[in-house]
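In UniProt numbering, the protein residues as written are 1 to 245. The beta-carbon is built from N, C-alpha and C at its ideal position, and this holds for glycine as well. Bear in mind that the values here come from a model prediction, so they are computed numbers and not experimental data. I have placed the structure first, in the form of structure tokens, so that the comments after it can refer back to it.
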């Protein structure tokens with residue numbers, strides 16, 4: 001796994017990857033600004049009108065918890081785009097990954113596994129659907145953990161959730177180039193602990209400001225290597241000169 005991570009880090013700066021890297025960074029920045037503004041507006045509403053609506057629905061007994069939640073949301077809304085850039089980065093990278101998944105995988109497969117059968121490009125609808133699903137699930141988990149951020153537990157929940165969600169997404173995207181979606185998900189479940197540990201590496205990467213803009217490239221390249229290794233040796237991986245010996 002360490003070798004796979006090193007290979008992925010090295011390759012994202014290689015000439016074939018640079019064009020993809022700049023496009024991925026550009027798309028991520030646009031999405032961060034747009035979604036952060038939307039999140040700021042939503043949090044502002046929740047901290048004001050949303051609190052009154054929730055108290056009307058739930059009753060005065062919930063006044064104190066709702067007041068605390070509104071206070072947390074007000075702080076988050078005040079931080080605006082800065083908060084959004086940190087909070088939303090894993091979700092944003094999930095969306096970006098759906099766009100560039102095949103471009104990255106093809107370069108990795110061509111350079112490191114030239115004797116192997118090339119993977120089949122994922123339908124753009126499937127890749128984007130997986131990205132959107134992971135992004136929405138990430139936001140849901142983060143919103144649940146948000147009230148606990150100020151007591152420290154939320155940070156741990158964020159990191160563990162990011163590791164599980166991003167490890168799951170990138171591994172399945174890499175596996176689906178060679179397997180059906182059902183088979184890819186089954187393989188991920190069979191290797192759940194390994195995929196989760198790999199997800200911790202991606203979560204650490206996405207936690208680094210600015211560098212995390214390259215997460216879609218690193219995550220996908222990393223999981224292409226991991227999928228190959230978990231798939232085990234196959235005849236098509238043996239080069240012709242080795243077969244003849």
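If you draw a straight line from the alpha carbon of residue 241 to that of residue 229, how long is it in whole angstroms? Residue confidence is low: residue 241 scores 40 on pLDDT, short of 50, so the model does not pin down where it sits. Its coordinate-derived value is still stated next. So the alpha carbons of these two residues sit roughly 22 angstroms apart.
Starting from residue 118 and walking both ways along the alpha helix (DSSP H), at which residues does that stretch end? Taken as a continuous stretch (DSSP letters only), residue 118 belongs to no alpha helix (DSSP H), as it is neither H nor E.
Rounded C-alpha distance that separates residue 113 from residue 37: 42 angstroms
To the nearest angstrom, report how far apart residue 15 and residue 3 are at their CA atoms. 20 angstroms
Kindly indicate which residue of 30, 5, 32, 188 has the alpha-carbon position closest to the one of residue 251. This structure cannot settle anything about residue 251, because the visible part of the chain is limited to 1 through 245.
From residue 144 to residue 178, what distance separates their C-alpha atoms? 35 angstroms
Going by other Cβ atoms of all chains shown within 10 Å of its Cβ, with 16 needed for buried, is residue 121 buried or exposed? exposed
Hey, quick one: how far does the alpha helix (DSSP H) through residue 220 stretch, first residue to last? 215-231
My output table needs one value for residue 136: the three-state DSSP class, helix, strand or coil. helix
Alpha carbon of residue 208 to alpha carbon of residue 123, nearest angstrom: 31 angstroms
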